[in-house]
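Trainee:
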Amino acid sequence: MPVDLPHAHPTVTRQLRENLETLRQAEHDHELEGPELQQAVAQQLDEFRTNKQAPRGCMGRRKYVGMSATDLAAQKLGGDRAARGAGLVGWVQAQALRGPPPDVSRVFDQVQREQRFTGRELEARLLNPAGLLAGYIGGPDEAVTCRQAYARLKDARWASSCGQTSDLLKELISDDWVAGPASGSKPGMEILDDLKAAIRNPANTHIRVQIGCHSFMIENSGPNCRLYQSYMAVGFGGYGLADSLQTDRAMPRAEFLQRLEQVFDPRTNDHAAATLFRGTCDPTANADPGDVKISFETTSQPRSAAQLKRAFEAKLGENRAAWREVAGSNQRATEYALAHLA
Numbered sequence: 030m031p032v033d034l035p036h037a038h039p040t041v042t043r044q045l046r047e048n049l050e051t052l053r054q055a056e057h058d059h060e061l062e063g064p065e066l067q068q069a070v071a072q073q074l075d076e077f078r079t080n081k082q083a084p085r086g087c088m089g090r091r092k093y094v095g096m097s098a099t100d101l102a103a104q105k106l107g108g109d110r111a112a113r114g115a116g117l118v119g120w121v122q123a124q125a126l127r128g129p130p131p132d133v134s135r136v137f138d139q140v141q142r143e144q145r146f147t148g149r150e151l152e153a154r155l156l157n158p159a160g161l162l163a164g165y166i167g168g169p170d171e172a173v174t175c176r177q178a179y180a181r182l183k184d185a186r187w188a189s190s191c192g193q194t195s196d197l198l199k200e201l202i203s204d205d206w207v208a209g210p211a212s213g214s215k216p217g218m219e220i221l222d223d224l225k226a227a228i229r230n231p232a233n234t235h236i237r238v239q240i241g242c243h244s245f246m247i248e249n250s251g252p253n254c255r256l257y258q259s260y261m262a263v264g265f266g267g268y269g270l271a272d273s274l275q276t277d278r279a280m281p282r283a284e285f286l287q288r289l290e291q292v293f294d295p296r297t298n299d300h301a302a303a304t305l306f307r308g309t310c311d312p313t314a315n316a317d318p319g320d321v322k323i324s325f326e327t328t329s330q331p332r333s334a335a336q337l338k339r340a341f342e343a344k345l346g347e348n349r350a351a352w353r354e355v356a357g358s359n360q361r362a363t364e365y366a367l368a369h370l371a
């Protein structure tokens, strides 16, 4: 039934719409139904009417009187209200206090403008230079100097490894991660079911995933999912984080989950992997015979946009001296990499 929203601060109204959309998705997925759903929606509307003139982030500041809707939602989701991800209504409370997860691409763009870097230059400088320059070892351009390599990094298309990128994003986004089941602890397809449940749980704002040899980050915001990733081994000519931030757009959660399942079906793997990951992804890579390799970790405590920006700046500061040395050096890039990776 349509909900008539009274006049309120536009940010509060938008937050309520997102929260109601999450509850609607839970109803569609049969995670919250009947009286429990009605109670959760009613509690949201009550919070809205109480705080409708509040500025951003203030909706829901008063203490909830009854927790039954949270308890029921947590029971439906198989969670514990005292634990992270206490259920849909528990998430709605936390979401109302902190707002939606920060847009990584927006913070990236802001830092890029302020530092006057190209997108690829910023991506490179967030990483340790030795790891990137190691891509020249054994390649056709082993004579390239550090100075020449840096000039290429600023403008040429290149990619760090997917693991480097997801490690970096994990460090930037949050300090509070919870590991899911590890490969080998139970059949991989059961872990896939656990991963899908984690993605459906809106308390998890970000999920870091490893499937076969590919690692990536999922941003779980409102009814949508968005990937942040790079593809190809360390080196040049691949699909980097700067490319991902421009190209990998948010998609409805149901569509994302369908494509993810298709990655595990040999009949649809090629197309699904190319669509999601811009390359190939073999879930059986590095897995036990007859199994698939999959693992994930989640966070429900991402940094705010301001905190994320400070994390970007801290990482740039950590690598600044090394990159300054690289940018002005005529030493071979391979020699620098070998000396600093030893």
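Its first residue numbered 30, the sequence shown is counted upward by one per residue in the working numbering.
For glycine and all other residues, C-beta sits at the position ideal for the given N, C-alpha and C.
#1: Jot down the residue ranges of each uninterrupted alpha helix (DSSP H) in the stretch 130-212, minimum 4 residues, whole runs only, in chain order.
#2: Could you tell me whether any Cβ in chain D is nearer than 8 angstroms to the Cβ of G241?
#3: For C254 versus F293, is the C-beta spacing smaller than 8 angstroms?
#4: Can you list, in chain order, the residues of its chain whose CB lies under 6 angstroms from that of T363, leaving out five sequence neighbours each side?
#5: For the stretch 261-316, which segments carrying the alpha helix (DSSP H) assignment without a break, of at least 4 residues, lie completely within its bounds, in sequence order?
#6: CB-CB under 6 angstroms to E152, same chain, minus the five flanking residues each way: which ones, in chain order?
#7: If you draw a straight line from the alpha carbon of E354 to that of G319, how long is it in whole angstroms?
#8: Looking only at DSSP bridge pairs, what is C254 linked to?
#9: With V238 as the anchor, note down where its beta strand (DSSP E) starts and where it stops.
#10: Quick one: residues in its chain with C-beta nearer than 6 angstroms to the C-beta of I220, no 5 flanking neighbours on either side, listed in chain order?
#11: State the DSSP-derived secondary structure class of R353, mapped to helix, strand or coil.
#12: Apart from the five residues just before and just after Q139, which ones in its own chain have a Cβ nearer than 7 angstroms to its Cβ?
#13: DSSP has F325 in a bridge; who is on the other side?
#14: Quick one, which of I240, F306 and E143 has its alpha-carbon nearest Y257's?
#15: Name the one or two DSSP bridge partners that S244 has.
Mentor: Quick answer:
#1: 133-144, 148-154, 158-162, 175-184 and 191-202
#2: In the structure shown, chain D cannot be found, because there is only a single protein chain.
#3: no
#4: Y165, I166 and E171
#5: 270-276, 282-292 and 298-306
#6: G269, L270 and A271
#7: 48 angstroms
#8: N249 and M280
#9: H235 to I240
#10: P210 and I323
#11: helix
#12: K338
#13: V238
#14: F306
#15: Q239
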